[in-house]
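Q:
There are 2 protein chains.
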Amino acid sequence: MDIKKLESSYFDDKIYVKNVAVDNVIFGYHDKELKVLLQRPTSFPKWTVTGGYVRKTESIEEAADNIACMRTGLKNLFLKQFRSFGNPSRTKGERDIVKKFFESIGMELPADSWILDYSVSIAFYTLTEFSRVTVQKAPFDEAIDWWPVSQLPPMMFDHALIIAEALKALQHHIYHYPIGYELLPEKFTLPEIHSLYETILDKTLDNRNFTRKLMSTGIVKKLDETRSIGAHRSPYLYKFDKRKYDTALKNGIFLAF
Amino acid sequence: MDIKKLESSYFDDKIYVKNVAVDNVIFGYHDKELKVLLQRPTSFPKWTVTGGYVRKTESIEEAADNIACMRTGLKNLFLKQFRSFGNPSRTKGERDIVKKFFESIGMELPADSWILDYSVSIAFYTLTEFSRVTVQKAPFDEAIDWWPVSQLPPMMFDHALIIAEALKALQHHIYHYPIGYELLPEKFTLPEIHSLYETILDKTLDNRNFTRKLMSTGIVKKLDETRSIGAHRSPYLYKFDKRKYDTALKNGIFLAF
DNA sequence: TTAATAGTGTCTCTAAGACATTATTCC
DNA sequence: GGAATAATGTCTTAGAGACACTATTAA
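See the structure below:
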């Protein structure tokens, strides 16, 4: 896909749906840290969630998936729509920044362009193990980086709110659906998945109770292998039972922690 | 508000946000039945959920509230955004109907009007006790009526899906938040709120266990009054403890049924 | 043997779920 | 007293929550 062509065609009302943006909060997990992938377009003083617009030939889910793919290089990541944001003041006060951005890349935005107008943002979040990701800078990004969810840089528009809501939705989700397939390597240890849950929920979970409950769901199965981790007892490896995992994703489960 | 003026101004790109619609699934409860308020615009062969567009001066929540208010005459009803819908095919195949509708009310829609184009629908649901409602027909509605959720008429676009998703969201919601304040009279009996929960969840709940769990949440309080219901034991009246109810709405509760 | 981490078992207590009888009202 | 509906208590059982010791590894 020619990204340059794509982005400049945002002007084109025939290709893109006007007044609708898709924002995708890409969460990455690695080494007991939950991070968010943020971008800072050229000449922007603040950061934004990864996002884009919707082509008239695609669904909003496809648009969100494309955004995730463009930035991470990975296809078919877990994607969840959690809320839409729309009010007259969400981009107010920062329209000059947007205007300057387009000027800085050599495009003059008409004063009545829908890009500067009221826009509804349909927000998704995406999960991925960030060591698998090769971050893809878009042509007009000055920077793109992972930021710890607990230490965000100054955010544009209402994007700090969008991230906060995404995190709340994720924490709610984790109680009702299995999680981890996209966030852990194919084979993982109990301490690893335990840390994942602790990180996302931002609280400590008793390891014995956690194991008991996790195993009772049947979504993971123990392998007959261990991983060597140096001068310590070798933890067993586990795998997701994809069949049961997908069933649980569809029907929901209940994990009280 | 001049509804006629309002609706005809849907054409006006300066007033309305293009390509964005708000659909509001208005659920009404009465006498152990859960119904949905549906409208059938002039010359439409099928029914639609109540909906409208977003003015550039208002938030999507305000737009949804206005829709509910226009149709029910009631302000500040409980409102919950549950999902947005957007894909190229959701209105396909029924654009001719829309075109005919506008012709039938004496307005010719330009072929390239955004009304016929890709549109994203931000969907909310609203709860109300439907005996309190005086249904307001919009000027271009041929009919507006309550339909039982289990026996819907032929629906336009993807509105049958939207209603199904709204119901799922409501059933999920009822496990995590208090419900009933908008659906019951100020004073109500235990059998009444019991029936409400049974109706929404579409299953029978043991009355003793239901009472125990409901009371343990503290969101309702028993009054020192009874209601006379003829040749039967008079049930006690209850009231919501609005303070605790609102706290529970904010923080969530868990009701396992 | 030591240091670090993994793995596991038991007790208590709360509350979910199943179940049936008594109380009230008006005829 | 009969018919209809409201109100309520108890037992069983599952599982949540709290808690601490043993096992393994490599230096």
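So the sequence lines, in the order shown, correspond to chains A and B.
Mapping of the first sequence onto this note's numbering: position 81 corresponds to residue 81, and the numbering continues sequentially without gaps.
Mapping of the second sequence onto this note's numbering: position 183 corresponds to residue 440, and the numbering continues sequentially without gaps.
For glycine and all other residues, C-beta sits at the position ideal for the given N, C-alpha and C.
Note down the Cα distance separating Ala138 (chain A) from Asn24 (chain A), rounded to an integer number of angstroms.
A: Looking at the two C-alpha atoms, the distance is approximately 15 Å.
Q: Spell out whether any CB of chain B is found under 9 Å from the CB atom of Thr126 (chain A).
A: So no, Thr126 (chain A) is outside the interface.
Q: In angstroms, rounded to a whole number, what distance separates the CA positions of Met155 (chain A) and Val135 (chain A)?
A: Approximately 19 Å, taken between the alpha carbons.
Q: From Asp369 (chain B) to Gly52 (chain A), what does the alpha carbon distance come to, in whole angstroms?
A: Near 24 Å, if we compare the C-alpha coordinates of Gly52 (chain A) and Asp369 (chain B).
Q: Give every residue of the same chain whose Cβ lies closer than 8 Å to the Cβ of Ala256 (chain A), excluding the five residues on either side of it in the sequence, and list them in chain order.
A: Result list for Ala256 (chain A): Tyr175, Lys213, in chain order.
Q: If we require 3 or more residues per run, which beta strand (DSSP E) segments fall completely within the stretch 425 to 495 of chain B?
A: Entirely contained in the stretch 425 to 495 of chain B, the beta strand (DSSP E) runs reaching 3 residues are, in chain order, 477 to 483.
Q: Mind checking which residues open and close the beta strand (DSSP E) that includes Ala143 (chain A)?
A: It spans 141 to 148 - the beta strand (DSSP E) in which Ala143 (chain A) sits, taken as one unbroken run.
Q: Do you know offhand how far Phe284 (chain B)'s Cα is from Glu33 (chain A)'s?
A: Their backbone Cα atoms lie some 42 Å apart in a straight line.
Q: Is the shortest distance between the beta-carbon of Ser258 (chain A) and the beta-carbons of chain B less than 9 Å?
A: Residue 258 (chain A) lies beyond the stretch modelled for chain A, which goes from 1 to 257, so this question has no answer here.
Q: Which residues in chain B sit within 8 Å of Ser131 (chain A), going by Cβ to Cβ distance?
A: The contacting residues do not exist; Ser131 (chain A) stays about 32 Å from chain B at best.
Q: Does Tyr375 (chain B) have its Cβ less than 9 Å from a Cβ in chain A?
A: Taking Cβ atoms only, chain A reaches closer than 9 Å to Tyr375 (chain B), which makes this a yes.
Q: List the whole-angstrom C-beta distance separating Thr42 (chain A) from Phe101 (chain A), where the pair is believed to meet the contact cut-off of C-beta under 8 Å.
A: About 6 Å; that satisfies the 8 Å criterion.
Q: For Thr247 (chain A), name the three-state secondary structure that DSSP assigns.
A: Three-state result, Thr247 (chain A): helix.
Q: Are the C-beta of Asn344 (chain B) and some C-beta of chain A separated by less than 9 Å?
A: With 9 Å as the cut-off, Asn344 (chain B) counts as an interface residue toward chain A.
Q: List, in chain order, every chain B residue whose beta-carbon is nearer than 8 Å to that of Val20 (chain A).
A: What Val20 (chain A) touches in chain B: Asn276, Val277, Gly343, Val377.
Q: So if DSSP puts Gln39 (chain A) in a beta bridge, which residue, or which two residues, is it bridged to?
A: In DSSP, Gln39 (chain A) forms a bridge with A:Thr48, A:Ile144.
Q: Does the distance between the C-beta of Asp503 (chain B) and the nearest non-hydrogen atom of the ligand ADP fall short of 8 Å?
A: Looking for the ligand ADP in the displayed structure turns up nothing, as the structure carries no ligands at all.
Q: Tell me the rounded alpha-carbon separation between Ile3 (chain A) and Ile122 (chain A).
A: Because the pLDDT at Ile3 (chain A) is just 43, under 50, the model does not fix this residue reliably, and the value given afterwards should be weighed accordingly. Going from the Cα of Ile3 (chain A) to the Cα of Ile122 (chain A) covers about 21 Å.
Q: Specify the secondary structure class of Asn526 (chain B) as computed by DSSP and reduced to three states.
A: Since the first and last residues shown for chain B are 258 and 514, residue 526 (chain B) lies out of range.
Q: Roughly how many angstroms lie between the CA atoms of Thr247 (chain A) and Gly218 (chain A), to the nearest whole one?
A: The alpha-carbon atoms of Thr247 (chain A) and Gly218 (chain A) are separated by roughly 11 Å.
Q: For my contact list, Leu384 (chain B) and Leu440 (chain B) are in at a C-beta cut-off of 8 Å; report their separation, rounded to the angstrom.
A: With a Cβ gap of about 6 Å, Leu384 (chain B) and Leu440 (chain B) count as contacting.
Q: Can you tell me the Cα-Cα spacing of Ala423 (chain B) and Phe381 (chain B), whole angstroms?
A: For Ala423 (chain B) and Phe381 (chain B), the distance between alpha carbons rounds to 8 Å.
Q: In chain B, which residues lie less than 7 Å from Arg83 (chain A) when you measure between Cβ atoms?
A: Simply Gln338.
Q: If you follow the alpha helix (DSSP H) that Lys394 (chain B) is in, where does it begin and where does it stop?
A: Segment: none, Lys394 (chain B) is in no alpha helix (DSSP H) and carries neither H nor E.
Q: Out of A:Met70, A:Glu186, A:Phe85, A:Phe210, which has the shortest C-alpha to C-alpha gap to Ala164 (chain A)?
A: Considering only alpha carbons, the answer is A:Phe85.
Q: Which value, in whole angstroms, describes the spacing of the CA atoms of Leu161 (chain A) and Tyr454 (chain B)?
A: For Leu161 (chain A) and Tyr454 (chain B), the distance between alpha carbons rounds to 33 Å.
Q: Identify the contact partners of Lys56 (chain A) in chain B, using a Cβ-Cβ distance below 7 Å as the criterion.
A: Those are Pro345, Tyr375, listed as they occur along chain B.
Q: Are the Cβ atoms of Thr446 (chain B) and Tyr495 (chain B) separated by less than 9 Å?
A: Yes. Within cutoff.
Q: Sorted by chain position, which residues of the same chain lie with C-beta nearer than 8 Å to Asn239 (chain B)'s C-beta, five sequence neighbours on each side aside?
A: No answer is possible for residue 239 (chain B): the residues shown for chain B start at 258 and end at 514.
Q: Do Pro153 (chain A) and Leu37 (chain A) count as a contact pair if the criterion is CB distance below 9 Å?
A: Contact: no.
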